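Report on one structure; see the data block that follows.
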Amino acid sequence: MMEQLELNGYETVTIRNEQQLLDNFRAILNERHADKFKNQPLTDKEFQCLLTMINGKSIFESARILRDKLPLKRNDETEEYLSFLDTKN
C-alpha cells in the first residue's frame with residue numbers, strides 16, 4: 064500500500080509525536096488550500112479553531128467531517144470551506 068501511495072505522489076513522513084502530527088496536518092492544509100487562502104497560511108488561532116471543530120468526535124462524525132467540507136471563518140471574517148480528503152484524484 065505504501066508503494067502505491069508513493070507512486071501516486073504521496074511522500075513518506077516520519078512522525079514521532081503529536082506535535083509533529085499537528086504540524087504536518089497544518090502544512091498539508093496550507094498547501095492544499097493555498098489558492099483559497101490567497102497564500103496566507105492558517106494563523107495559530109484559525110488552526111486551533113479548526114482543531115476544536117474536529118477533535119473529540121465519534122467515529123461516525125469524524126468520517127463525515129473527512130468526507131465533507133468544513134467551514135472555517137478566517138481572522139479577516141471571510142469563510143472558507145476546507146476539504147480533508149481528495150476523493151477525485
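Residue numbers for the sequence shown follow our numbering, so the first one is 64 and each next one is one higher.
For every residue, glycine included, the Cβ atom is placed at its ideal position computed from N, Cα and C.
Predicted model only: the values in this text are computed from it and were never measured.
Check, Outcome
"Three-state secondary structure (DSSP) of L140", "Looking at the sequence itself, residue 140 is Glu, so the reference to Leu does not match. Reduced to three states, the DSSP call for E140 is coil."
"Distance, M64 Cα to F107 Cα", "Note on residue identity: the sequence assigns Asp, not Phe, to residue 107. When rounded, the distance between both Cα atoms is 34 angstroms."
"Counted within 10 angstroms of its Cβ, other Cβ atoms place L92 as buried (16 or more) or exposed", "buried"
"Within 8 angstroms, strictly: CB atoms of E142 and K136", "yes"
"Exposed unless 16 or more other CB atoms sit within 10 angstroms - verdict on F123", "exposed"
"Per-residue burial, L145 [other beta carbons within 10 Å of its own, 16 or more giving buried]", "buried"
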